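Reading through the structure tokens given below for one structure.
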Amino acid sequence: MSQNIKKETSAGKKALGFLAANSVPVMFILICAVCIPISGFSPAYLLNEIVTRMGRNVFLILSLLIPIMAGMGLNFGMTLGAMAGEIALIFVTDWQIWGIPGVVLAMIISIPFSIGLGLLCGKILNMAKGREMVTSYIISYFINGVYQLVVLYMMGSIIPIKHTTIRLPRGYGIRNTLSLLSMRQSIDNLLAIRVAGVKIPMLTFIIIAVMCLVIVWFRRTKLGQDMRAVGQDMDVARDAGINVERTRIISIVISTVLAGFGMIIYLQNMGNMPTYSAHSQIGMFCIAALLVGGASVDRASIGNVFLGVVLFHLMFIVAPSAGGKITGDTMIGEYFRVFVSYGVITVALVMYETKKRRAKASMGEQLQAAQQEGE
Amino acid sequence: MNVRKVLFRVGTVAVLLAIAACMMVIGRGHTVYFDNKKLEYNGQTLDTYRRINVFVNGEQVAKLSAKDRGMATFTGQKFSFDIEVTKEKGDEPVTYTFPITVPYGMDGIVLNLPGMIEELPEEAYASEFVPVATETTPEDEEIVTDEFGISIESAEDSAEAAPEG
Numbered sequence: 000m001s002q003n004i005k006k007e008t009s010a011g012k013k014a015l016g017f018l019a020a021n022s023v024p025v026m027f028i029l030i031c032a033v034c035i036p037i038s039g040f041s042p043a044y045l046l047n048e049i050v051t052r053m054g055r056n057v058f059l060i061l062s063l064l065i066p067i068m069a070g071m072g073l074n075f076g077m078t079l080g081a082m083a084g085e086i087a088l089i090f091v092t093d094w095q096i097w098g099i100p101g102v103v104l105a106m107i108i109s110i111p112f113s114i115g116l117g118l119l120c121g122k123i124l125n126m127a128k129g130r131e132m133v134t135s136y137i138i139s140y141f142i143n144g145v146y147q148l149v150v151l152y153m154m155g156s157i158i159p160i161k162h163t164t165i166r167l168p169r170g171y172g173i174r175n176t177l178s179l180l181s182m183r184q185s186i187d188n189l190l191a192i193r194v195a196g197v198k199i200p201m202l203t204f205i206i207i208a209v210m211c212l213v214i215v216w217f218r219r220t221k222l223g224q225d226m227r228a229v230g231q232d233m234d235v236a237r238d239a240g241i242n243v244e245r246t247r248i249i250s251i252v253i254s255t256v257l258a259g260f261g262m263i264i265y266l267q268n269m270g271n272m273p274t275y276s277a278h279s280q281i282g283m284f285c286i287a288a289l290l291v292g293g294a295s296v297d298r299a300s301i302g303n304v305f306l307g308v309v310l311f312h313l314m315f316i317v318a319p320s321a322g323g324k325i326t327g328d329t330m331i332g333e334y335f336r337v338f339v340s341y342g343v344i345t346v347a348l349v350m351y352e353t354k355k356r357r358a359k360a361s362m363g364e365q366l367q368a369a370q371q372e373g374e
Numbered sequence: 000m001n002v003r004k005v006l007f008r009v010g011t012v013a014v015l016l017a018i019a020a021c022m023m024v025i026g027r028g029h030t031v032y033f034d035n036k037k038l039e040y041n042g043q044t045l046d047t048y049r050r051i052n053v054f055v056n057g058e059q060v061a062k063l064s065a066k067d068r069g070m071a072t073f074t075g076q077k078f079s080f081d082i083e084v085t086k087e088k089g090d091e092p093v094t095y096t097f098p099i100t101v102p103y104g105m106d107g108i109v110l111n112l113p114g115m116i117e118e119l120p121e122e123a124y125a126s127e128f129v130p131v132a133t134e135t136t137p138e139d140e141e142i143v144t145d146e147f148g149i150s151i152e153s154a155e156d157s158a159e160a161a162p163e164g
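Those protein sequences? They're chains C and R, same order as listed.
Counted from 1, the first sequence has number 3 at position 4 by numbering that gives the first Met the number 0; the numbering is strictly sequential.
Counted from 1, the second sequence has number 123 at position 124 by numbering that gives the first Met the number 0; the numbering is strictly sequential.
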């Protein structure tokens, strides 16, 4: 009898522990479970939307995993890579390189920009250890200003931009929206298959799968192990002979380059590029999606990426319609999803800090106990 | 840094540059405009045809009556198309195949089909298409977004706030 009670208690504890550890995904599953029937969307429509959004966003979110591995938290500086991707797309559009060659060329052109920006970001973050997230967030604003200076004033005047169709009427600067129709969904449409009315962009998924395998392989390499060691404890890693600063910079550079590729994949799917604003919110929403998938500031996996994209975007799709049906105003759903996006990041940051303080406090207690025993 | 590392890096950059160069060649997009319009050359006037159907890779891309213009897009520098020409009502259509090479720097090329059919020199029937820049308002620009808060307001504000050059 007492054994049964013990078993039930431990099972209850386990369930509570599981819920506590996965509170964010569970909350989103509940929100989606309530909103989907109210929204009235058919399963086929939802599936189609989710598949499209997975192809569009997963690569971008995968770029966040490596800095987390290196203990640098959520890389808000991925916006820098997004800007590099956009600059590459502006050049490719001006040079009239279409289709998949255009996408590949844009990716190659984005690499030097991403590396340069990643190096800058990594060096600054090394000067602000322990405050990486807020620093990378502010760096993204700083580089956004530089991006606007380059794109709005230097392109067309100093940097040659041939086509008047992409230049502002005043003769320099790039138009607010750049048409990417010549490469729209070129990756998504190649090898695409239809299953029960759902379009599956096979090539995009193959690229994502390869990226996932590369991340899994990278974790096992010497550099990957170094990053994990740095992520766990910088002092121990340094004592073990790892060049901590260099390892951290490399993780940010890799993340920035991948974010550049991800942004190009994202924008080729959309078919147009809002020149001055496409990158501004992308970091925030990618981070929110990753956190919704159950990741935290110091722990994230490929599974979190996929679960996050599905849940976060499912909420994005159904919330306006559900909000409209409940309150008669679709804007309620819009507000809801915006506050949920920012809210989930806030909750994740608070939970991380609480966990860190608890760990510190328990370590202090253990130390005190050890000291008392010694006396 | 050891020699092997340097060689690996230089090799990587060289491979990326080679791929980029290939992409620039095979992905260069051109627009071809087909005109079924009167052409004057060396005092000679070539009249239009009643009907010209233009095919690219077996697919009809334009159906031109007299004075019409059609267009097709392609990537790369070499392009081939077929035309099916009906001179007068009731005539049997005649088929021609034309391979053309468009210079790399030319975005669009206008081809006068009556001139091509009469086998005039290239400078008579081919000319560069120069688009006229139109001032677009944000309302004209169709913007596809997802829900990532992408909007063009901030950019418009920046552009408007900028001093005119």
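Every residue gets a Cβ at the ideal spot worked out from N, C-alpha and C, and that includes glycine.
Remember, predicted model here, so these are calculated numbers, not experimental data.
Distance between beta carbons of residue j and residue i, contact taken as under 8 Å
| i | j | result |
| --- | --- | --- |
| L38 of chain R | P113 of chain R | 6 Å |
| Y351 of chain C | D297 of chain C | 7 Å |
| I82 of chain R | I108 of chain R | Going by Cβ atoms, the distance from I82 of chain R to I108 of chain R rounds to 15 Å, so no, they are not a contact pair. |
| R68 of chain R | F97 of chain R | Between F97 of chain R and R68 of chain R the Cβ distance is about 17 Å, and since that is not below 8 Å, they are no contact. |
| L59 of chain C | G117 of chain C | Going by Cβ atoms, the distance from L59 of chain C to G117 of chain C rounds to 15 Å, so no, they are not a contact pair. |
| L167 of chain C | I186 of chain C | 29 Å between Cβ atoms; not a contact. |
| I30 of chain C | M233 of chain C | 38 Å between Cβ atoms; not a contact. |
| H29 of chain R | D90 of chain R | With 8 Å as the limit, H29 of chain R and D90 of chain R do not qualify as a contact, their Cβ atoms being about 32 Å apart. |
| M68 of chain C | G282 of chain C | Not confirmed; about 18 Å, so no contact. |
| R247 of chain C | M71 of chain C | 6 Å |
Per-residue DSSP class, three states only, for residue i
| i | result |
| --- | --- |
| F75 of chain C | coil |
| L266 of chain C | helix |
| I173 of chain C | strand |
| D139 of chain R | Reliability fails at D139 of chain R, whose pLDDT of 48 lies under 50, so the model's placement of it is uncertain and the value that follows must be treated cautiously. Correct three-state label for D139 of chain R: coil. |
| T353 of chain C | helix |
| E117 of chain R | coil |
| H312 of chain C | helix |
| L61 of chain C | helix |
| E127 of chain R | strand |
| P407 of chain C | The requested residue 407 of chain C is not part of the displayed model; chain C covers only 0 to 374. |
| I157 of chain C | coil |
| L63 of chain R | strand |
| G292 of chain C | coil |
| T274 of chain C | coil |
| K4 of chain R | helix |
| K36 of chain R | coil |
| Y44 of chain C | helix |
| Y95 of chain R | strand |
| L306 of chain C | helix |
| A17 of chain R | helix |
| R130 of chain C | coil |
| L110 of chain R | strand |
| T255 of chain C | helix |
| L45 of chain R | strand |
| R183 of chain C | coil |
Near the ligand PLP: residue i beta-carbon under 8 Å from a heavy atom
| i | result |
| --- | --- |
| M182 of chain C | Here there are no bound small molecules, and the ligand PLP is not part of this structure. |
Per DSSP, the bridge partner or partners of residue i
| i | result |
| --- | --- |
| V55 of chain R | R:E58 |
| L119 of chain C | BP columns for L119 of chain C are empty, so no partner. |
| E85 of chain C | DSSP output for E85 of chain C lists no bridge partner at all. |
| S79 of chain R | R:P98 |
| F73 of chain R | R:H29 |
Residue i versus the options, residue with shortest Cα-Cα distance
| i | options | result |
| --- | --- | --- |
| V57 of chain C | C:G261, C:K354, C:S181, C:K324 | C:G261 |
| G75 of chain R | R:A20, R:K66, R:K88, R:L119 | R:A20 |
| P319 of chain C | C:I344, C:V197, C:I28, C:I37 | C:I37 |
| P42 of chain C | C:Q371, C:G196, C:E244 | C:G196 |
| F311 of chain C | C:M182, C:I35, C:R193 | C:I35 |
| V343 of chain C | C:R52, C:L15, C:A10, C:S22 | C:S22 |
| M132 of chain C | C:V337, C:G292, C:L63, C:G293 | C:L63 |
| R218 of chain C | C:M330, C:I65, C:G39 | C:I65 |
| R174 of chain C | C:S361, C:A287, C:E85 | C:E85 |
| A290 of chain C | C:K128, C:V50, C:Y341, C:V194 | A quick correction: the sequence has Leu, not Ala, at residue 290 of chain C. Closest by alpha carbon: C:Y341. |
| F204 of chain C | C:Q224, C:L366, C:I251, C:I49 | C:I49 |
| N41 of chain R | R:F128, R:V131, R:Y124, R:V129 | R:Y124 |
| V53 of chain R | R:D46, R:M23, R:I25, R:T94 | R:T94 |
| Y103 of chain R | R:N111, R:G57, R:I25 | R:I25 |
Please identify, using Cβ separations under 8 Å, the residues of the stretch 91–109 of chain C that lie next to chain R, in order along the chain.
Listed by position along the chain: W94, Q95, I96, W97, G98, I99, P100, G101, V103, L104, I107, I108.
Identify each residue in the stretch 57–80 of chain C for which the Cβ-Cβ distance to at least one residue of chain R is less than 8 Å, and report them in chain order.
Residues: none.
Pull out every residue of the stretch 168–181 of chain C whose Cβ sits closer than 8 Å to any Cβ of chain R, in chain order.
Flagged, chain order: P168, R169, G170, Y171, G172, R174, N175, T176, S181.
Any C-beta of chain C within less than 8 Å: which residues of the stretch 26–54 of chain R qualify?
Within the stretch 26–54 of chain R, the qualifying residues are G26, R27, G28, H29.
Could you please tell me which residues of the stretch 155–168 of chain C, in chain order, have their CB closer than 9 Å to any CB of chain R?
Those would be S156, K161, H162, T163, T164, R166, L167, P168, in chain order.
Output needed in chain order: residues of the stretch 85–116 of chain R with a Cβ under 7 Å from some Cβ in chain C.
For the stretch 85–116 of chain R, the residues whose beta carbon sits under 7 Å from a beta carbon of chain C are, in order, D106.
For the stretch 2–28 of chain R, list every residue whose C-beta sits within 7 Å of some C-beta in chain C, in sequence order.
Correct list: L15, I18, A19, M22, M23, I25, G26, R27, G28.
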